[in-house]
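What follows is one structure encoded as structure tokens, with my remarks underneath.
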Amino acid sequence: MDVQIIENENFIKYADFDNCEVWLLNRTSDLSLDERVINVAELTESLLPNSSKLPALLTHIVKAHPNELFTYKSYKVITDNKESYMIHTYICDEQCIKEVEDVGSN
Numbered sequence: 098m099d100v101q102i103i104e105n106e107n108f109i110k111y112a113d114f115d116n117c118e119v120w121l122l123n124r125t126s127d128l129s130l131d132e133r134v135i136n137v138a139e140l141t142e143s144l145l146p147n148s149s150k151l152p153a154l155l156t157h158i159v160k161a162h163p164n165e166l167f168t169y170k171s172y173k174v175i176t177d178n179k180e181s182y183m184i185h186t187y188i189c190d191e192q193c194i195k196e197v198e199d200v201g202s203n
């Protein structure tokens with residue numbers, strides 16, 4: 098199963114309806130939505146940030162296909178801001194870190 102997740106309605110023109118199931122992440126207008134786009138309204142219309150919405154949407158997708166293997170290779174997010182969907186790892190806030198230069202001398 099191949100899935101495309103479009104960030105909002107503006108990205109419908111990039112959706113590959115012939116080869117993918119297309120899901121919506123953010124509902125940003127009241128215009129009618131292409132009937133081929135899967136819209137989980139309670140999620141797409143919520144005020145949650147994308148960092149919370151995307152994992153929740155992925156959970157919906159997996160539940161919709163319980164007998165299929167779903168991995169990071171199974172989906173693509175269609176967006177104009179790749180950085181906002183990349184995984185960033187932080188152990189603690191940058192302001193909490195004090196970097197020193199000379200560790201070895203006493």
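Sequential numbering from 98 applies to the sequence shown in our numbering. Glycine included, C-beta positions come from ideal geometry on N, C-alpha and C.
In this model, E142 and E165 are separated by some 27 Å (Cα to Cα). The DSSP assignment places 118 to 121 as complete runs of the beta strand (DSSP E) inside the region 116 to 145, in order along the chain (cut-off: 3 residues). Annotated as proximal: L122 and I103, with beta-carbon spacing under 8 Å.
Between R124 and E191, the alpha-carbon positions lie close to 33 Å from each other. In the three-state reduction of the DSSP assignment, V197 falls in the coil class, being assigned neither a helical nor a strand state. Here A161 is actually not in contact with L140; their C-beta atoms are around 13 Å apart, not less than 8 Å. I109 carries a helical assignment under DSSP once its states are collapsed to helix, strand and coil. Between the alpha carbons of T156 and D199 lies a gap of roughly 47 Å.
DSSP places I158 in the uninterrupted alpha helix (DSSP H) bounded by N147 to A161.
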